[in-house]
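J.:
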Amino acid sequence: MVPTSFLALASAALLLGSCQRPPTRTTAVATECIDPARIDPTGACTMDYNPVCGCNGQTYANPCAATKAGLRTFTTGPCPTPTHP
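Counted from 1, the sequence shown has number 66 at position 66 by the working numbering; the numbering is strictly sequential.
#1: Measuring alpha carbon to alpha carbon, tell me which of G54, G43 and A65 ends up nearest T75.
#2: Could you tell me if N56 is buried or exposed, where buried requires 16 or more neighbouring beta carbons within 10 angstroms of its beta carbon?
#3: If you drop the 5 nearest sequence neighbours on each side, which residues of the same chain put their C-beta closer than 6 Å to that of A65?
#4: What is the DSSP secondary structure of C64, reduced to helix, strand or coil?
#5: From the DSSP output, in three-state form, read off G55 for me.
#6: Short of 6 Å in beta carbon distance, which residues of its chain neighbour R38, apart from the five on each side in sequence? Order them along the chain.
#7: Would you kindly report the start and end of the unbroken beta strand (DSSP E) that includes T76?
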């Protein structure tokens, strides 16, 4: 009886330990939107204000700032402000 219980317990622990959570939407958006190879924290940008909306929903001061943050895509203009009822 003891060996059977031990095997059942060990099998359950192995199965539960090997389960992985599926990627969250935030993770998926981050990997589709931001290219880590493009991130350049030391790069210089002008201080002009020409806002762009990043694919991550964040407004950046200008295209240079968005590119420096690693964004793959962005659109002209600030991101829309969410409204809460």
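Where is the CB? At the ideal position from N, CA and C, for every residue including glycine.
T.: Considering the structure as presented:
#1: Per the C-alpha coordinates, the member of G54, G43 and A65 positioned closest to T75 is G54.
#2: Burial state of N56 is buried, judged by a 10 Å Cβ sphere holding 16 or more other Cβ atoms.
#3: Only residues of its own chain outside the window of five on either side were considered, and among them C45 have a CB closer than 6 Å to the CB of A65, listed in chain order.
#4: In the structure shown, C64 sits in a helix (DSSP, three-state: H, G or I).
#5: Strictly speaking, residue 55 in this sequence is Cys, with Gly absent from that position. C55 falls in the coil class under three-state DSSP.
#6: Excluding residues within five positions, the ones whose Cβ falls inside 6 Å are G70.
#7: Counting along the chain, the beta strand (DSSP E) containing T76 begins and ends at F74 to T76.
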